[in-house]
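Numbering (this note's numbering), first residue to last: 87 to 339. The beta-carbon is built from N, C-alpha and C at its ideal position, and this holds for glycine as well. Reading through the structure tokens given below for one structure.
Following this line, the structure appears as structure tokens:
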């Protein structure tokens, strides 16, 4: 199991000295529905809820806790960043629409310490998915392998044999070094797969299906970067989850 250092941020600044962060927890009510005719029952999801969290630290001259608890700004976005210093792995969770549900200052007479705590009500928190290029570099670092970026649009040709030859050459070089593949301009590939306008396009689609089948046989990780989404990934090759459109996974079969 990894050991992570925890950094808490709001207002674009790291909040120093935080020593305790309670678990992030969300739940969905289970509703039991009974069929009046048969007497059978089944479960359906009900209201989703997110638990409050508490962040604590020793009192210092930093007024970040106090200012939020007593200041005019009610809601903030909080980020929890977890860093494994052994290899630099970083995981960030974003907590939107946080507001202070409780502020506590607790002196301990025996030890002489004073702990301040904020209890924060939060919206639906989520894990921040890294940029696809960053994810590729991370996967490559874990494998001590390079990242090989392939311009998919440049591979496509009117001639099936030429396209296949280009792809085979790229994959051979990548496989030799154990590279993580990063497919750039991949929308050109998927658009030609799904758009049929004439007989020539139908021929191209057959070619694209063959390319996708060949890519799916590649033994290493493959990530897809589509333009227009800022390189932000929705699902990483390692199974991470996010919330936007881009899908840097293996190409669909």
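Taking each of 239, 179 and 108 in turn and checking the Cα distance to residue 252, the smallest one comes out for 239.
For the region 139–222, the continuous alpha helix (DSSP H) assignments of 4+ residues that do not extend past its boundaries occur at 150–156, in sequence order.
When secondary structure is reduced to three states using DSSP, residue 258 falls in the helix class.
Between residue 189 and residue 155, the CB-CB gap stays under 8 angstroms. The three-state secondary structure of residue 243, taken from DSSP, is coil.
Distance from the CA atom of residue 135 to the CA atom of residue 109, rounded to whole angstroms, is 14 angstroms. Proximity of the region 159–172 to the region 88–102 meets the contact definition, three or more beta-carbon pairs being nearer than 8 angstroms. Around the CB of residue 216, 16 or more other CB atoms lie within 10 Å, so the residue is classed as buried. If the five residues before and after residue 265 are omitted, its C-beta is found closer than 6 angstroms to the C-beta atoms of 231, 232 and 234, all from its own chain and listed in chain order. Taking the Cα of residue 214 as reference, the smallest distance to any Cα among 167, 143 and 100 is reached at 167. In this structure residue 229 is exposed. Its beta-carbon is surrounded by fewer than 16 other beta-carbon atoms within 10 angstroms. If you look at residue 128, you'll find it in the beta strand (DSSP E) that goes 127–136. Cβ-Cβ distances below 8 angstroms link residue 209 to 136, 181, 182, 183 and 184 in the same chain, with the five nearest sequence neighbours on each side left out; the list follows chain order. When DSSP states are grouped into helix, strand and coil, residue 226 belongs to the helix group. By the 16-neighbour rule on beta-carbons within 10 angstroms, residue 305 is exposed. Spatial neighbours of residue 207 in its own chain (CB-CB distance under 6 angstroms, excluding positions within 5 residues in sequence) are listed in chain order as 138, 185 and 187.
Here residue 91 carries a strand assignment [DSSP, helix/strand/coil]. In the DSSP assignment, residue 270 is bridged to 237 and 311.
Here residue 200 is exposed, its C-beta having fewer than 16 other C-beta atoms within 10 Å. When DSSP states are grouped into helix, strand and coil, residue 120 belongs to the strand group.
The Cβ-Cβ distance between residue 146 and residue 203 does not fall below 8 angstroms. Distance from the Cα of residue 115 is smallest, within the candidate group 122, 133 and 89, for 133.
Taking each of 152, 176 and 308 in turn and checking the Cα distance to residue 268, the smallest one comes out for 308. Looking at the backbone, the Cα of residue 212 and that of residue 179 are separated by about 6 angstroms. Assignment of beta-bridge partners to residue 113 by DSSP yields 135. DSSP places residue 100 in the uninterrupted beta strand (DSSP E) bounded by 99–101.
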